[in-house]
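For the sequence shown, the numbering used here assigns the number 66 to the initial residue and increments by one for each residue that follows.
Beta carbons are placed, not taken as given, at the ideal position from N, Cα and C, and that holds for glycine.
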Amino acid sequence: MQPKILGLVKIGDIELNDFPLLLAPMEDVSDPPFRALCKEQGADVVYTEFISSEGLIRDAAKSRKKLDIYEKERPVGIQIFGANLESMLRTVEIVEQSKPDIIDINFGCPVKKVVSKGAGAGILKDIDLMVELTDAMVKHTKLPVTVKTRLGWDESSIKIVEVAERLQDVGCSAISIHGRTRAQMYKGDANWAPIAEVKNNSRMHIPVFGNGDVNTPERAVEMRDKFGLDGAMIGRASIGNPWFFKQVKHFIATGEHLPEVTIAERVEMAKRHLEMEIDWKESEIVGVMEMRRHYTNYFKGIPDFKPYRMKMVTSDAAQDVYDAFDEVLQKFA
66 MQPKILGLVK
76 IGDIELNDFP
86 LLLAPMEDVS
96 DPPFRALCKE
106 QGADVVYTEF
116 ISSEGLIRDA
126 AKSRKKLDIY
136 EKERPVGIQI
146 FGANLESMLR
156 TVEIVEQSKP
166 DIIDINFGCP
176 VKKVVSKGAG
186 AGILKDIDLM
196 VELTDAMVKH
206 TKLPVTVKTR
216 LGWDESSIKI
226 VEVAERLQDV
236 GCSAISIHGR
246 TRAQMYKGDA
256 NWAPIAEVKN
266 NSRMHIPVFG
276 NGDVNTPERA
286 VEMRDKFGLD
296 GAMIGRASIG
306 NPWFFKQVKH
316 FIATGEHLPE
326 VTIAERVEMA
336 KRHLEMEIDW
346 KESEIVGVME
356 MRRHYTNYFK
366 GIPDFKPYRM
376 KMVTSDAAQD
386 VYDAFDEVLQ
396 KFA
């Protein structure tokens, strides 16, 4: 495989450093508070949770709320999904009102309720429609349009080199590829070799980002040095661990690991995250409930932590959760 030539990476007119780290769009995870924390810890580009084009058109409150952007997140991409051309174009107009830096199309979500409508990874069964949608959206906006997708529908239908080339030819500004097929869902190991084939295609000139199983700094370096990709899109490794971006960058720069995040640092980050959730949701109880999914990851690996976690995930009042944080500090720090 060809070694990666170091230099700036550009998405449209957005200039990024060599080998940027992107926060993957994750449903019920990558909301504005979490994105802001990841940005603070070194993420170069962050993406919203994926947003239904049909939901936006119906003016569904949950879909509209996902359009919120903090200025401190930029550059930020709003990710949308759908399979109806007219709906997707109308969605572009709605999304533009939030003034994102990038519009990203989700052609990779493997969830059944999305796929059954021909959207997300479902569109991998109809590459012509995939290209048609991208072409129309590129022509409908001045913002850079990027795509997140998978290797293919299943092992027998992997045509990602051709697909990426066709998407580039209709104006796609960058492509992020998850190294699994839809049939795999999230099982097995991500296969980065086909993504490298996309990057090493002599006709490709847009950035090619790898996604899937970037769960250690060493894996990020491997994606850069062995597979020659332009950057890494990081998802699950960042949940409850926004420091991961800083850890990767430090390792790339020095070849050494940062010291392990302390209990006090974990508590402080979780506390800030909770405060930001409450502020964003404009509701204490909703903010408290939204944070519950994060605590297992923030305090991963702490022995005998279950009683504290149970208090965090069953309390409806923020003060009760803050009290649990203080107990964790007293017990473990």
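Please state if the CB of residue j and the CB of residue i are separated by a distance shorter than 8 Å.
i, j, result
"Leu132", "Val160", "yes"
"Leu394", "Val353", "no"
"Phe172", "Met202", "no"
"Ile317", "Ala285", "yes"
"Val141", "Arg100", "yes"
"Gln106", "Pro307", "yes"
"Phe292", "Ala261", "yes"
"Ser238", "Gly77", "yes"
"Asp278", "Asp254", "yes"
"Ala383", "Glu355", "no"
"Met377", "Tyr360", "yes"
"Trp345", "Pro97", "yes"
"Phe390", "Lys336", "yes"
"Lys104", "Glu158", "no"
"Val226", "Asp200", "no"
"Glu287", "Thr246", "no"
"Ile192", "Lys224", "yes"
"Glu392", "Tyr373", "yes"
Taking the alpha helix (DSSP H) that residue i belongs to, which residues open and close that run?
i, result
"Val386", "Ala383 to Phe397"
"Ile122", "Ser118 to Ile122"
"Met377", "Lys371 to Thr379"
"Lys75", "That residue, Lys75, is in no alpha helix (DSSP H); its beta strand (DSSP E) goes Val74 to Ile76."
"Phe292", "Here Phe292 belongs to no alpha helix (DSSP H), and DSSP marks it neither H nor E."
"Cys103", "Pro97 to Glu105"
"Lys264", "Ala258 to Asn265"
"Gly187", "Careful: Gly187 lies outside any alpha helix (DSSP H) and carries neither H nor E."
"Tyr360", "Tyr360 to Tyr363"
"Asp234", "Ile225 to Asp234"
"Gln312", "Phe309 to Thr319"
"Val179", "Lys177 to Val180"
"Arg129", "Ala126 to Lys130"
Of all the options the options, which has the alpha carbon lying nearest to the alpha carbon of residue i?
i, options, result
"Thr206", "Ile134, Arg337 and Ile168", "Ile168"
"Ile400", "Pro307, Ser152 and Arg331", "Outside the shown range of the chain, which is 66 to 398, sits residue 400, and nothing can be said about it."
"Val94", "Leu86, Phe115 and Ile79", "Phe115"
"Val212", "Ser221, Asp369 and Glu230", "Glu230"
"Leu102", "Met341, Glu92, Tyr373 and Asp391", "Met341"
"Ile145", "Arg129, Glu136 and Arg139", "Arg129"
"Leu232", "Ala258, Leu189, Trp218 and Asp83", "Leu189"
"Phe364", "Glu325, Ser380 and Gln312", "Glu325"
"Ile343", "Arg268, Val386 and Lys396", "Val386"
"Glu304", "His338, Ala398, Asp200 and Val351", "The question names Glu, yet the displayed sequence has Ile at residue 304. When only C-alpha atoms are compared, the closest one is His338."
"Ile328", "Ile134, Ala398, Val180 and Ile79", "Ala398"
"Val228", "Lys204, Leu323 and Met269", "Met269"
"Val110", "Ile299, Lys396 and Thr379", "Ile299"
"Thr156", "Glu136, Ile367 and Ser118", "Ser118"
"Lys182", "Asn149, Lys127, Pro368 and Glu92", "Asn149"
"Ser380", "Gly366, Ile170, Arg358 and Ile367", "Arg358"
"Ala56", "Tyr251, Glu392 and Val210", "Here the chain has residues from 66 to 398 only, and residue 56 is not among them."
"Val179", "Gly120, Lys204 and Ile79", "Gly120"
"Ile79", "Glu92, Lys204 and Val210", "Val210"
"Tyr135", "Ser163, Ala125, Lys127 and Ala108", "Ser163"
Identify the residues that DSSP records as bridge partners of residue i: which are they?
i, result
"Val196", "For Val196, which the question treats as bridged, DSSP gives no partner whatsoever."
"His338", "For His338, which the question treats as bridged, DSSP gives no partner whatsoever."
"His243", "Arg215 and Asn276"
"Gln144", "Asp169"
"Leu88", "Val111 and Ile299"
"Ile79", "Ile76"
Would you say the beta carbon of residue i comes nearer than 7 Å to a heavy atom of the ligand FMN?
i, result
"Ala335", "As for the ligand FMN, it is missing from this structure, which has no ligand bound."
Please report the Cβ distance between residue i and residue j, rounded to the nearest whole angstrom; I am assuming they are in contact, meaning their Cβ atoms lie under 8 Å.
i, j, result
"Ile143", "Pro165", "4 Å"
"Asn256", "Leu208", "So it is not a contact: roughly 31 Å between Cβ atoms."
"Gly275", "Ile242", "6 Å"
"Lys112", "Leu81", "Just to set this straight, residue 112 is Tyr in the shown sequence, not Lys. Going by Cβ atoms, the distance from Tyr112 to Leu81 rounds to 14 Å, so no, they are not a contact pair."
"Gly147", "Ala184", "5 Å"
"Ala302", "Asn280", "4 Å"
"Val273", "Leu294", "6 Å"
"Phe310", "Leu86", "5 Å"
Following the continuous beta strand (DSSP E) through residue i, name the residue where it begins and the one where it ends.
i, result
"Leu208", "First-last for Leu208: undefined, no H or E at that position."
Can you confirm whether residue i, when its beta carbon is compared against all beta carbons of chain C, has any partner nearer than 8 Å?
i, result
"Val228", "Of the protein chains in the structure, only one exists, and it is not chain C."
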